[in-house]
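Asker:
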């Protein structure tokens, strides 16, 4: 039987493609349709509010997510199922408040939610522990380690007694608290009674619970490797998290070692595309560790791997990264050769963004070599096939502006380019007759917006206007500091 995706499933598919605005618009329309059909305060309305809140939360729009969850939680339950849903909305409200930095309110909502769960489920039910776990995590983040440990121990005992798989996330939180306390006690209890899938879940949860602790990550890798094996995906994921943390902490040697272990596993398993991606990560890590020659040798190895796989998109990606590394090493001749080959390979494939990224990379190289006419042609061709909101497209447009001004350096005005993209994003999502003018500039690292309207907006249009601007801010704030 064919599964028809729900609106929220489609929205998250759009998010995975980087289409934040489209995902939000889809669920905004769904909310309006549900409201028209079932009315405000209905269970369906509360569910749609929650779905929209989840998308907003995943796009960094925490304050708007808070309001969606608050509205969802305000709907009076009509039966047992809608009462359960309300408890979920209350929990999500507390999490959104925490992510928004409103910790006092978050603690109040999570405590209220835990009390409501206790009354609804009873102390022995796993549904009660679902409300305790996020409260314990918040208490830890607030520095109340003793209370956090007490609540966590109750959570672990509840899930363990009920045989619930969520004991894995609770044990990960407990391990982080033991690590914080520095008492020297074992980070984990005896995990032998737990099934493999729960031990696997512990690995995932540790990376999410405490991504700043190398000691905790290493201990988790050791447990996963001993229990599940060195080639299990949970072990490899934990090693990848260790590599990422090594980059953040400046432990480049540890980062390189972790990637090498992942790469060796993919080779043992005969997973060539995964091995190729690990090889690219290793080359980048070696370069950032100061061993440019090792990085370039690894890029050459990646090229051989991509040739064996035979996909032009992968060959283009390798050639582009290799060319950029050669350019960074001052080897302009080989760099141009690889970047030109990247464009040609991308042209043999069907991925437009890969082709656009290769064109932008070569165009920037030509610009910096003062070959402006060639740079203009290559940049225009690359930008023509890219999603205009792709970060590389924004960088490319900025550099193209510099080329059109006859400049081989300075790389254009990135803030002006980002502001123009912000303006286009807003205009295309509002009624054509609503805006009189919209000026967007970047001042002191943030957007300054000057907008005037042609007419008095309806209440729904005013709400839409605010939503579009909030979405645009979430979409583009992270790009203000982008440089290439």
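In this note's numbering, the protein residues as written are 20 to 503.
Glycine included, every Cβ here is placed at the ideal spot set by N, Cα and C.
Note that the coordinates shown come from a computational prediction; the quantities given were computed from them, not determined experimentally.
Who are the near neighbours of residue 196 in its chain, counting only those whose CB is closer than 7 Å to its CB and skipping five residues on each side?
Answerer: 159, 164, 167, 168, 171
Asker: Would you decide whether residue 24 is buried or exposed? Buried here means 16 or more other CB atoms lie within 10 Å of its CB.
Answerer: exposed
Asker: With three or more beta-carbon pairs closer than 8 Å as the criterion, would you say the stretch 378–392 touches the stretch 402–416?
Answerer: yes
Asker: Under 9 Å, do residue 353 and residue 342 count as touching if we go by C-beta distance?
Answerer: yes
Asker: Please report the distance separating the alpha-carbon of residue 36 from that of residue 190.
Answerer: 33 Å
Asker: Taking only three categories from DSSP, how would you classify residue 61?
Answerer: In the structure shown, the three-state DSSP call for residue 61 is coil.
Asker: With distances taken Cα to Cα, identify the nearest neighbour of residue 156 among 61, 121, 192, 68.
Answerer: 192
Asker: Could you check if residue 70 is buried or exposed, using at least 16 other CB atoms within 10 Å of its CB as the buried criterion?
Answerer: Label assigned to residue 70: buried.
Asker: With distance defined between alpha-carbon atoms, name the residue in 259, 462, 399, 75 nearest to residue 276.
Answerer: 259
Asker: So the candidates are 301, 348, 264, 272; which of them puts its Cα closest to the Cα of residue 282?
Answerer: 301
Asker: What did DSSP end up calling residue 9 once you bin it into helix, strand or coil?
Answerer: Not covered by the structure: residue 9. The range shown for the chain is 20 to 503.
Asker: Does residue 15 come out as helix, strand or coil in the three-state DSSP assignment?
Answerer: Any question about residue 15 goes unanswered here, given that the chain covers just 20 to 503.
Asker: Pull up the CB-CB distance for residue 132 and residue 120, whole angstroms please, since I reckon it's below 8 Å.
Answerer: Not quite, the Cβ-Cβ distance comes to about 19 Å (not below 8 Å), so this is no contact.
Asker: Counting Cβ pairs closer than 8 Å, one from the stretch 255–272 and one from the stretch 226–236, do we hit at least three?
Answerer: Because the criterion of three Cβ pairs below 8 Å is met, the stretch 255–272 and the stretch 226–236 touch.
Asker: Cβ of residue 399 within 9 Å of Cβ of residue 420?
Answerer: Contact check for residue 399 against residue 420 fails: the beta carbons are separated by 9 Å or more.
Asker: Should residue 239 be labelled buried (16 or more other beta-carbon atoms within 10 Å of its own) or exposed?
Answerer: buried
Asker: Would you kindly work out how many angstroms separate the C-alpha atoms of residue 30 and residue 148, rounded to a whole number?
Answerer: 30 Å
Asker: Roughly how many angstroms lie between the CA atoms of residue 211 and residue 291, to the nearest whole one?
Answerer: 33 Å
Asker: May I have the straight-line CA-CA distance separating residue 64 from residue 32, to the nearest angstrom?
Answerer: 22 Å
Asker: Between the beta-carbon of residue 314 and the beta-carbon of residue 296, is there less than 9 Å?
Answerer: no
Asker: Run the CB neighbour count on residue 312, radius 10 Å, all protein chains shown included, and call it buried at 16 or more, exposed below.
Answerer: exposed
Asker: Relative to the alpha-carbon of residue 491, which residue among 468, 104, 359, 219 has its alpha-carbon at the smallest distance?
Answerer: 468
Asker: What three-state label does DSSP hand residue 207 in the structure shown?
Answerer: Three-state DSSP puts residue 207 in coil, outside helix and strand.
Asker: Answer with yes or no whether the minimum CB distance from residue 33 to chain D is below 9 Å.
Answerer: In the structure shown, chain D cannot be found, because there is only a single protein chain.
Asker: For residue 123, does the count of other Cβ atoms within 10 angstroms reach 16, so buried, or fall short, so exposed?
Answerer: exposed
Asker: Determine the extent of the beta strand (DSSP E) in which residue 469 is found, giving its start and end residues.
Answerer: 465–472
Asker: So what does DSSP say about residue 449, is it helix, strand or coil?
Answerer: coil
Asker: Check the C-beta distance from residue 115 over to residue 81 and give it rounded, since I have them as a contact under 8 Å.
Answerer: 6 Å
Asker: Would you call residue 386 buried or exposed, if buried means 16 or more other Cβ atoms sit within 10 Å of its Cβ?
Answerer: buried
Asker: Output needed for residue 489: all residues of its chain with C-beta closer than 7 Å, excluding positions within five of it in sequence on either side, in chain order.
Answerer: The beta carbon of residue 489 lies closer than 7 Å to those of 80, 83 in the same chain, with the five residues before and after it left out.
Asker: Let me check understanding here. Comparing Cα to Cα, which of 221, 405, 333 lies closest to residue 367?
Answerer: 333
Asker: Determine, using beta carbons only, whether residue 105 and residue 91 come nearer to each other than 9 Å.
Answerer: yes
Asker: Could you check the C-alpha separation between residue 471 and residue 66 for me, to the nearest Å?
Answerer: 35 Å
Asker: Per DSSP, residue 454 forms a beta bridge with which residues?
Answerer: 472
Asker: What do you reckon, are the CB atoms on residue 494 and residue 72 nearer than 9 Å?
Answerer: No, the Cβ-Cβ distance between residue 494 and residue 72 is not below 9 Å.
Asker: Looking at the structure shown, is residue 94 part of a helix, part of a strand, or coil, going by DSSP?
Answerer: Annotated three-state conformation of residue 94 is coil, per DSSP.
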